[in-house]
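Asks: Anchor point for the sequence shown: position 4 equals 11 in my numbering, and the numbering is continuous, going up by one each time.
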Amino acid sequence: MIRSNLRVDVHDPYILVALRGTCLRATFRKQDAPWLAMDEYEEDSEASITFKEFRTLAWEAANERARDLGWVRSCDELHEAVKRAGSAA
Numbered sequence: 008m009i010r011s012n013l014r015v016d017v018h019d020p021y022i023l024v025a026l027r028g029t030c031l032r033a034t035f036r037k038q039d040a041p042w043l044a045m046d047e048y049e050e051d052s053e054a055s056i057t058f059k060e061f062r063t064l065a066w067e068a069a070n071e072r073a074r075d076l077g078w079v080r081s082c083d084e085l086h087e088a089v090k091r092a093g094s095a096a
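#1: With H, G and I counted as helix, E and B as strand and the rest as coil, what does DSSP make of residue 43?
#2: Assign residue 32 to one of three DSSP states: helix, strand, or coil.
#3: Taking the continuous beta strand (DSSP E) assigned at residue 16, which residues delimit it?
#4: Straight-line CA distance for residue 39 to residue 70?
#5: Taking its Cβ as the centre, do 16 or more other Cβ atoms sit within 10 Å of residue 24, making it buried, or is it exposed?
#6: So, under 8 Å CB-CB, residue 73 and residue 79 are touching, yes? Tell me the CB distance rounded to an integer number of Å.
#7: So the candidates are 52, 34, 9; which of them puts its Cα closest to the Cα of residue 18?
#8: If we count the other Cβ atoms within 10 Å of its Cβ and call it buried at 16 or more, is residue 65 buried or exposed?
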């Protein structure tokens, strides 16, 4: 399974995701907004998956780690926070 071949490393404020055996890499950055921003990436035309496929897997893995770290919240949590803020106004 490709997802199990992902390496996810945290170097605050960055989350680095790489696919073992390829040059596919993506770096995501924690920011003031409650979501990550892609900071850098490296493609690999000889990889067994496309960069688009890798980017999707990397985004999911980085966000999962960021939620574990408390850097970002899930969409449901964000929607609930917006509802609470709207009803308090």
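For every residue, glycine included, the Cβ atom is placed at its ideal position computed from N, Cα and C.
Replies: Looking at the atomic coordinates:
#1: Numbered from its first residue, the sequence shown carries residue 43 at position 36. Residue state, collapsed to three classes: coil.
#2: Along the sequence shown, read from residue 1 onward, the residue named residue 32 stands at position 25. Reduced to three states, the DSSP call for residue 32 is strand.
#3: Along the sequence shown, one-based indexing puts residue 16 at 9. 13-18 is the extent of the beta strand (DSSP E) around residue 16.
#4: Numbered from its first residue, the sequence shown carries residue 39 at position 32. Numbered from its first residue, the sequence shown carries residue 70 at position 63. Answer to the nearest angstrom: the Cα atoms are 15 Å apart.
#5: Looking up residue 24 in the sequence shown gives position 17. Residue 24 is buried by the Cβ-count criterion.
#6: Position 66 of the sequence shown, counted from the first residue, corresponds to residue 73. Position 72 of the sequence shown, counted from the first residue, corresponds to residue 79. Their Cβ separation, rounded to whole angstroms, is 4 Å, which keeps residue 73 and residue 79 in contact under 8 Å.
#7: The residue labelled residue 18 in the question sits at position 11 within the sequence shown. The shortest C-alpha separation from residue 18 is found at 34.
#8: What you label residue 65 is simply residue 58 of the sequence shown in a count that begins at 1. Burial call: buried.
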